[in-house]
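Take the sequence shown: its position 222, counted from the start at 1, is 261 in my numbering, and no numbers get skipped.
Just so it is clear, CB atoms sit at the ideal spot from N, CA and C, and this is done for glycine as well.
First comes the structure, then the notes that go with it.
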Amino acid sequence: MAGMEESVGQAAEIIRGARHLTAFSGAGISVESGIPPFRGPGGIWNRYDPDCLDLEVFRRHPERAWPVIREMFICFLGAEGRSPAQPNAAHRTLAEWEAAGRLQTTITQNIDGLHAAAGSRNLVEYHGHCRSLTCLDCGRGIPLDAETTRAMIPRCACGGLLKPDFVFFGEDIPPAAAAAAQEAAERTDCMLLVGTSGVVYPAAALPVWAKRNGARIVEVNPEPSDYTDRIVDVFLPLPAGTALTRLAALLGR
Ligand SMILES: [Zn+2]
């Protein structure tokens, strides 16, 4: 496809010329790692009421949230005969670009931990992560593993409810993550969107903010998103791993 070849070339040129490249990823980057998107057919929210991960609902009815949380953890971390999810070519390419000084910041909306597993360090996990739990009463943090989540409703030694450290509905974005993402969106001169549809706020506003601050926007998504016609300079309608591999081939590591 000649049109596609040209678009990949244009995207590579923009990335090559960037002085502060920021990657902004969503669920689409992890599909090739075997993690199904939460939304859409087969997604977790077709089978559960998203309300159960509302912070206030969780306080009153943790028994409604834990089956969903457990299903997510099994999907990300493995268990019950399922292997842990592994970073794919897209996660690995971004980590390699960061190590090589080509990429400055990665902001992800995902809570699957795959960017960190791939080796990304200057990483903003905008919606938190699944590596630990925090007691809602005393604030004590404990690592998340098979042991700490064995009980149907895991509780702290103080008796308080343990909540995973990803952002629930009705909960604020962690202040450090919100500030780091905002700063990157203001400083970046190229934002590479990977597998995000731009529907979950406030995260979805970051690329719009970057564009307003003069950044070029490159989008990798199998389907057009809310961003495509509004703010995107070059659109690559490809799966994340395919697109990043092709860009890396043009750019070198
Ligand atoms: Zn406690």
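Given residue i as reference, the closest of the options once Cα atoms are compared
i, options, result
"G81", "A288, V70, P241", "V70"
"A104", "E222, P203, A57", "P203"
"I212", "T281, C229, V163", "V163"
"L289", "A66, W136, A217", "W136"
"G158", "C174, D184, Q125, L175", "Q125"
"G140", "R58, T227, A224", "R58"
"I74", "M43, L231, D151, R55", "D151"
"Y240", "F207, C169, I108, C114", "F207"
"F97", "C174, P263, R269", "C174"
"E45", "V107, L275, L283", "L275"
Host beta strand (DSSP E) of residue i (start-end)
i, result
"A62", "60-64"
"G180", "180-182"
"V239", "Neither: V239 is in no beta strand (DSSP E) and is coded neither H nor E."
Sheet register partners of residue i (DSSP bridge)
i, result
"C174", "L201"
"A196", "The partner list for A196 (beta bridge, DSSP) is empty, contrary to what the question assumes."
"E137", "Answer is none; E137 lacks a bridge partner."
"I146", "F63, V163"
"V233", "S64, V259"
"R285", "According to DSSP, R285 bridges with nothing at all."
Contact set for residue i: own chain, Cβ-Cβ below 7 Å, skip 5 residues either direction
i, result
"R285", "V47"
"P193", "L172, T187, L201"
"Q49", "V273"
Presumed contact (8 Å Cβ cut-off) between residue i and residue j, rounded CB distance
i, j, result
"V233", "A129", "6 Å"
"P261", "P246", "P261 to P246, Cβ: 18 Å. No contact."
"D93", "G209", "5 Å"
Residues near residue i in its chain [Cβ-Cβ closer than 6 Å; skip 5 each side]
i, result
"D272", "R255, I256"
"H154", "H130, T145, T147, L162"
"A242", "Q148, Y165"
"T227", "H59, T61, A249, A254"
Endpoints, the alpha helix (DSSP H) within which residue i is located
i, result
"C114", "101-116"
"L277", "Premise fails: L277 is in no alpha helix (DSSP H) and is neither H nor E."
"I83", "83-86"
"A157", "153-157"
"T70", "It should be noted that the sequence gives Val, not Thr, for residue 70. From DSSP, V70 is part of no alpha helix (DSSP H); its letter is neither H nor E."
Cβ-heavy atom distance, residue i to ligand 3, below 7 Å
i, result
"D272", "The model on display carries ligand 1 but not ligand 3."
Own chain residues within Cβ distance below 8 Å of residue i, not counting five before or after
i, result
"W248", "Q221, A224, E225"
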